[in-house]
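Numbering (my numbering), first residue to last: 1 to 631.
For every residue, glycine included, the Cβ atom is placed at its ideal position computed from N, Cα and C.
Take a look at the structure below.
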RNA sequence: GCCCCCUUAGCUCAGCGGGAUAGAGCAGCCGCCUUCUAAGCGGCCGGUCGCAGGUUCGAGUCCUGCAGGGGGCGCCA
């Protein structure tokens, strides 16, 4: 929170203590509803009235007296308004320069540690993206990656140590599908077609052929078996294919400025015996049992309640090892989760992964000696960015940790659940789907080729922005920003009803609007000479737009901290939009600074614009969006 | 059947631990470019906050029930 807000909260809190209402009411300090009331207000007397059995107005008067004596920094005076608010009026002459100075001092290399301290001491490991290696990323995957990337940025900005993993699903049915397709359908890539997009196409085609060709389905079973068995030509082919797909997927993500510290491969988890070790631990703790009868007969399962042999056959027991001895996805995820916390007692081997300009490391069955593995895993907190449909599986993973006695780690296993991206009726019909009356949402289907690919969407956005943008670079930055903002501004619990028109819009509550506001501020600073130096004192009276803009700037730390604590990009996105709005409003409603003749006013307003630009730029960076000097 | 999410303006959504007159964007209508970037700004229009109870001085916000919509409960991943 802003320094002022923190100071006000402390002052109100201790005043409440002195009138005997401490602890009985929550100390709420909020921006005043109307400027006539003041700048900050607290409704505390309303709540205190009950415990003190006195009228709110009388309590408010008492608080006002105490707060007057308390001499809070930047506060010019206190007032009382019905039905029982106490309001602080700020001393703008001292407050405004302080806000501006703080904003101008923002430095990417110096973290903005929240007032309450770090959420978690030590490393936070974030897993996101997590796409099967048989297809190109669509906007659903992109929502995942944007959320994960922005959470990582926000946590880093607030002083947390963060490690980002991209867990790569390179085994399983979907991979087998594409192997079958590549080996037996004879399809060839189109001119310049990225390999992941080619695989998407093969996947759709092979899925279609299964319906008429049962022999293909049998082939898939064999391929799947070979992949699981490893050390054969099919497994090597699948691995090679997966590598090429991942390169293409990462290239897509890089267009959105999304990167990773470590690529973790499901096949390495198998190869390096992670599951066997986890299995050992789980058996030792009695967390898994071999089901003798019932529909799970022959499977190793984790019963709902610990150590309950009879429950093994119950329907809600989660199968971890199938009767053919193959570990399920959840089982591998448990092993991986144990590794993330440094609890497995095994480590990956590591290799460098050449991926353009970013240093990335990948896990590998055969490693390089000079890579220090202690940089990875051993986390204090784990955040898994996975859509809400997988909530029950994530609970099983968490439960497994608890069963092994790692209750703290189980509590620090966060499933950052977000709702999926679906197609709006309009978008669905644009993609050629049959649209029913009354139905508003339509699921993507990679298998049927009904999806919006991330690359394609970005290409369309770039093309649309190209003619108005200053150059190609600007168009790309704006396009990526627009899409990221669109995917991040919704609450995690909202399904995004994807709509092309909305996603590509450039006016109003959009990424382009934020970037435009930043570029406008940059334009002013270019045209109005001046720069660092002594703090600029404000004019005797702030105009409403100046006051509003200062308020927004002052709220940055608070918004960032809230977004970090709640792992919520949407909170920061909303803040950034409010800040950009305040900046645009200021821009439109105050005289042009270049022509300002009063040097004091000119200096102050220039500094105010610089402060707004600095803050907006910081927020945009945290949101994974470029903060352009020109558009 | 059990569990999770959603329901606020024509549409898409904000409204955080309950607090002063429910906000924004889009769409529609009307204005504003000899002015630092009009990708902007202002105005108008538009809401029994799904329904019914309850708690409270005070409920869009908390509790209970109901309704509608979406999702999850696999030896898939």
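Considered as a whole, the segment 62-137 harbours 92-104 as its complete alpha helix (DSSP H) runs of no fewer than 4 residues, in chain order.
Taken atom to atom, the span from the alpha-carbon of residue 86 to that of residue 537 is near 28 Å. With fewer than 16 other Cβ atoms inside 10 Å of its own Cβ, residue 370 counts as exposed.
Scanning its chain for C-beta atoms nearer than 7 Å, with the 5 sequence neighbours on each side dropped, one finds around residue 358 the residues 259, in chain order. Within a 10 Å sphere around the beta-carbon of residue 179 sit 16 or more other beta-carbons, which makes this residue buried. When DSSP states are grouped into helix, strand and coil, residue 433 belongs to the coil group.
Burial state of residue 589 is exposed, judged by a 10 Å Cβ sphere holding fewer than 16 other Cβ atoms. Counted as a single uninterrupted DSSP element, the stretch harbouring residue 386 is not any alpha helix (DSSP H) but the beta strand (DSSP E) occupying residues 381-387.
With a 10 Å radius around the Cβ and a threshold of 16 neighbouring Cβ atoms, residue 186 comes out exposed. Between the beta-carbon of residue 447 and that of residue 203 there is about 7 Å, and that keeps the pair under the 8 Å contact cut. The Cβ atoms of residue 194 and residue 248 sit closer than 8 Å to each other.
With a 10 Å radius around the Cβ and a threshold of 16 neighbouring Cβ atoms, residue 301 comes out buried.
Residue range 139-157 is occupied by the alpha helix (DSSP H) that includes residue 147. From the listed residues 118, 63, 630, 162, the smallest Cα separation to residue 377 is found for 162. With a 10 Å radius around the Cβ and a threshold of 16 neighbouring Cβ atoms, residue 569 comes out buried. When only Cα atoms are considered, residue 335 and residue 279 end up about 8 Å apart.
Per DSSP, reduced to three states, the secondary structure at residue 450 is strand.
Under the three-state reduction of DSSP output, residue 340 falls in the helix class. Within the same chain, Cβ atoms closer than 6 Å to the Cβ of residue 96 are found at 538, 550, the five residues on either side in sequence being excluded. DSSP places residue 268 inside the alpha helix (DSSP H), whose first and last residues are 266-271.
Residue 397 holds the alpha-carbon nearest to the alpha-carbon of residue 287 among 12, 397, 504, 53. Here the segment 564-583 lies against the segment 148-165, with 3 or more beta-carbon pairs under 8 Å apart. Contact between the segment 551-567 and the segment 602-619 is present, with at least three C-beta pairs closer than 8 Å. The beta-carbon distance between residue 26 and residue 41, rounded to whole angstroms, is 14 Å. This is too long to meet the 8 Å contact definition. The beta carbon of residue 319 is closer than 7 Å to those of 296, 299, 301, 328 in its chain, skipping five residues each way along the sequence. Remark: C-beta atoms of residue 480 and residue 255 approach each other more closely than 8 Å. For residue 416, the closest alpha carbon among the candidates 131, 142, 148 is that of 148. Contact check for residue 146 and residue 624: beta-carbon distance about 7 Å, within the 8 Å limit, so the pair qualifies. The segment 162-176 and the segment 122-139 touch, with no fewer than 3 CB-CB distances between them shorter than 8 Å. Within the same chain, and ignoring the five residues on either side of residue 38 in sequence, the residues whose Cβ sits closer than 7 Å to its Cβ are 32, 79, 87, 88, 89.
Residue 47 holds the alpha-carbon nearest to the alpha-carbon of residue 23 among 47, 472, 267, 606.
Between residue 482 and residue 475 the beta-carbon gap is near 10 Å, outside 8 Å, which marks them as no contact. Nearest to residue 140 by C-alpha distance, out of 372, 541, 465, 386, is 386.
The way I'd put it, the segment 53-64 doesn't touch the segment 514-531; fewer than three beta-carbon pairs between them come closer than 8 Å. Cβ atoms of residue 92 and residue 120 stay farther apart than 8 Å, at about 38 Å. Pairing residue 365 with residue 276 gives a Cβ-Cβ distance that is not under 8 Å.
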